[in-house]
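Enquirer: Going letter by letter, the sequence shown gives residues -7 to 135 in our numbering.
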Amino acid sequence: MIARHHFAFLLVLLFCTSAANAAAPMPVPAPPIIGAKSYLLIDNTTGREIAALNPDMQLAPASLTKIMTTYVVFGALQRGTINLDDEVTVSEIAWRTPGSRMFIEVGSRVTVHDLLLGMIVQSGNDASVALAEHVAGTESAFA
């Protein structure tokens, strides 16, 4: 028969072992293999690096202009100066914008909602210019 103090000791030992195992960090899976030259993924809570590939390599930010355009457009939506259902007439300037495209046609009318999808999902430079023109009149005024 186990004495009470031995039983209490075993319970404390069991609890401490369980607590230590619960506090142990979870194993981190191997980083993914993706088609990128460089990336860095950090745990927001701990600041711990989770995965990286050439994290110090200097690269131009991809689609930074579209990210900033999205930010400004969402600000205009929040202020109520434009609406998602506004129809934007596509200018020749927007249509001629080089690079990745949504393939909108000159003179066509496209909603702000669809242009946002074209810019965010398809990375459409043409949609980005059309939105900039809708918000500010011209691309240069928008910039």
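Glycine included, C-beta positions come from ideal geometry on N, C-alpha and C.
My understanding is that E127 touches A68, with C-beta atoms under 8 Å, so please give their C-beta distance in whole angstroms.
Expert: As a position in the sequence shown, residue 127 is number 135, starting the count at 1. As a position in the sequence shown, residue 68 is number 76, starting the count at 1. The amino acid occupying residue 127 in the given sequence is Val; Glu does not appear at that position. Going by Cβ atoms, the distance from V127 to A68 rounds to 5 Å, so yes, they are a contact pair.
Enquirer: CB A122 to CB V80, shorter than 8 Å?
Expert: The residue given as residue 122 occupies position 130 in the sequence shown. The residue given as residue 80 occupies position 88 in the sequence shown. Closer than 8 Å, so yes.
Enquirer: Apply the 10 Å Cβ neighbour rule to A52 and answer buried if 16 or more other Cβ atoms are within range, or exposed otherwise.
Expert: Along the sequence shown, one-based indexing puts residue 52 at 60. Looking at its Cβ environment, which holds fewer than 16 other Cβ atoms inside 10 Å, A52 is exposed.
Enquirer: Run through DSSP, which three-state label would A0 get?
Expert: Along the sequence shown, one-based indexing puts residue 0 at 8. Note that A0 scores 46 on pLDDT, short of 50, meaning its location in the model is unreliable; the coordinates nonetheless yield the value given after this. Note: A0 maps to helix in three-state DSSP.
Enquirer: Can you list, in chain order, the residues of its chain whose CB lies under 6 Å from that of E41, leaving out five sequence neighbours each side?
Expert: Within the sequence shown, numbered from 1, the residue matching residue 41 stands at position 49. Cβ neighbours of E41 beyond the five flanking positions: I34.
Enquirer: Could you tell me the alpha carbon to alpha carbon distance between K29 and S55, rounded to whole angstroms?
Expert: Taking the first residue of the sequence shown as position 1, residue 29 is located at position 37. Taking the first residue of the sequence shown as position 1, residue 55 is located at position 63. Between K29 and S55, the C-alpha separation is close to 16 Å.
Enquirer: N75 to M60, Cα distance in whole Å?
Expert: To locate residue 75, count along the sequence shown from 1; it is residue 83. To locate residue 60, count along the sequence shown from 1; it is residue 68. Taking the straight line from one Cα to the other gives about 18 Å.
Enquirer: Which same chain residues end up closer than 7 Å to M49 when comparing Cβ atoms and leaving out the 5 residues on each side of it in sequence?
Expert: By one-based count along the sequence shown, residue 49 stands at place 57. Correct list, in chain order: K29 and S30.
Enquirer: Taking the C-alpha atoms as reference points, what is the distance between F66 and I26?
Expert: Locating residue 66 in the sequence shown gives position 74, counting from the first residue. Locating residue 26 in the sequence shown gives position 34, counting from the first residue. Cα-Cα distance, rounded: 30 Å.
Enquirer: Since L123 is in the alpha helix (DSSP H), which residue starts that stretch and which ends it?
Expert: Position 131 of the sequence shown, counted from the first residue, corresponds to residue 123. From DSSP, the alpha helix (DSSP H) with L123 extends over N117 to A128.
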